[in-house]
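In this note's numbering, the protein residues as written are 1095 to 1281.
Each residue gets a CB set at the ideal place from its N, CA and C atoms; glycine is no exception.
Notes follow once the structure below has been shown.
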Amino acid sequence: MGVVRMPESVMPLCAITTRYDDALDWSVETFAAAGFQVRLKSELFAFDMTNYYQAEMGNDLKKQIFAFEPLRDPQQLADWKLLTNQWELDFKAQNSYPEDRPLNLDSGYLTLAKFVLATTKDRDHRLYLRDGIFAEVTMSFTGGSWKMHPWTYPDYQTEPAMNFLNAAREELKALFKEARRADSEKR
């Protein structure tokens, strides 16, 4: 029988897709007001690998991925997804953009072993969390690098996304090391 252990804290992530610069700014401010401080962000890159969102979001979409602190309990993932879904609706209601969806917030988290995303869409590789929210391991870190899965979306396979995930993983390692050092100093 295995010994039950609580998981380590995770680094919350959010990938923001929009064509509007003010939507990015609004999103970061909204996260900060909810207690999520930006620890790291990717470069802003073109979201042009698919036209899936074009009808509801328009053309010339951009994406930027953010890592937040403090670290959190992974059980909160469904809460984050529900919260960011509401924020998308709030942003739409507060602004007068012609698109049905001027902002897309993809919530997830990072561990040293995996990059996880939350979604409302069920598929064979996704696990149900609660309240209509599912989770998937979007990428796994094994053998010293990120490994894609057949379901890993192309935008997360881009150089800016990979550079960000590598940097965020290093930040997470540093935070764990810092926490262990602080813990040992307390003893």
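task = Return the bridge partner residues of M1233 from the DSSP annotation.
result = Residue pairing from DSSP places M1233 in a beta bridge opposite F1209, M1242.
ask   = So T1214 and R1220 are in contact, right, with Cβ under 8 Å, and what is the actual spacing, rounded?
value = Incorrect: roughly 10 Å between the Cβ atoms, too far for contact.
message = To test your reading of the DSSP string, which unbroken beta strand (DSSP E) runs of 3 or more residues are found completely within the region 1124 to 1197?
response = Within the region 1124 to 1197, the complete beta strand (DSSP E) segments of 3 residues or longer fall at 1131 to 1135, 1156 to 1163, listed in chain order.
task = Give the straight-line distance between the Cα atoms of K1241 and L1118, rounded to the nearest whole angstrom.
result = Between K1241 and L1118, the C-alpha separation is close to 28 Å.
message = To the nearest angstrom, how far is the alpha carbon of Y1250 from that of M1143?
response = When the Cα atoms are used, Y1250 and M1143 turn out to be separated by approximately 10 Å.
ask   = Could you give the residue range of the alpha helix (DSSP H) that holds R1263?
value = First-last of the alpha helix (DSSP H) with R1263: 1253 to 1280.
task = Give me the Cβ distance between L1223 and S1201, rounded to the nearest whole Å; I'm assuming they're in contact under 8 Å.
result = About 11 Å separates the beta carbons of L1223 and S1201, which is beyond the 8 Å limit, so they are not a contact pair.
A1224 - partner residues in DSSP beta bridges = It should be pointed out that residue 1224 corresponds to Arg in this sequence rather than to Ala. DSSP, once it has assigned bridges, lists I1227 as partnering R1224.
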